[in-house]
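*Asks:*
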Amino acid sequence: MRYNKRLQFIDDKLVKQQELYPVNVTSMGIKAQNLVFGSFKQGRIAVRFQNKVNVRSGYMVIDGDNFKIENSTYTDRSSTIYGVEYRGRF
């Protein structure tokens, strides 16, 4: 798995965090979205981290594209955050 994208978190108060994270980004298809969320939205993605990252809400910027955090899952060593395309301003 390639962690070739860079992610920056923006908290709920729209303050940019300084740290950049290497991530793997995958677009979610209709079947995968129905399994995870029970519904379909345009522009939904799954973001995988190499290490555990504790973030439950807020926003993220991945290579200039904005996303709102919808859900997250964690294991002992890694994290997956699900986001949907965000068209508002920061």
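Residue numbering for the sequence shown follows UniProt numbering, starting at 1 and increasing by one per position.
For every residue, glycine included, the Cβ atom is placed at its ideal position computed from N, Cα and C.
Computed from a predicted model, the values in this text were never measured in an experiment.
From K16 to K31, what distance separates their C-alpha atoms?
*Replies:* By one-based count along the sequence shown, residue 16 stands at place 16. By one-based count along the sequence shown, residue 31 stands at place 31. Spanning the two alpha carbons is a distance of roughly 33 Å.
*Asks:* Grab the span of the beta strand (DSSP E) containing Q8 for me, first residue to last.
*Replies:* Within the sequence shown, the letter at position 8 stands for residue 8. Where Q8 is concerned, the enclosing beta strand (DSSP E) stretches over 5-10.
*Asks:* Could you check whether the stretch 69-78 touches the stretch 16-30, counting it as contact only if at least three pairs of C-beta atoms, one from each stretch, sit closer than 8 Å?
*Replies:* Contact fails: fewer than three Cβ-Cβ distances are below 8 Å.
*Asks:* Looking at the secondary structure, which residues open and close the beta strand (DSSP E) in which V53 lies?
*Replies:* Start at 1 with the first residue of the sequence shown, and residue 53 comes out as number 53. Per DSSP, V53 belongs to no beta strand (DSSP E) and is neither H nor E.
*Asks:* Would DSSP call K31 helix, strand or coil?
*Replies:* On the sequence shown, position 31 is the one that residue 31 refers to. Three-state result, K31: helix.
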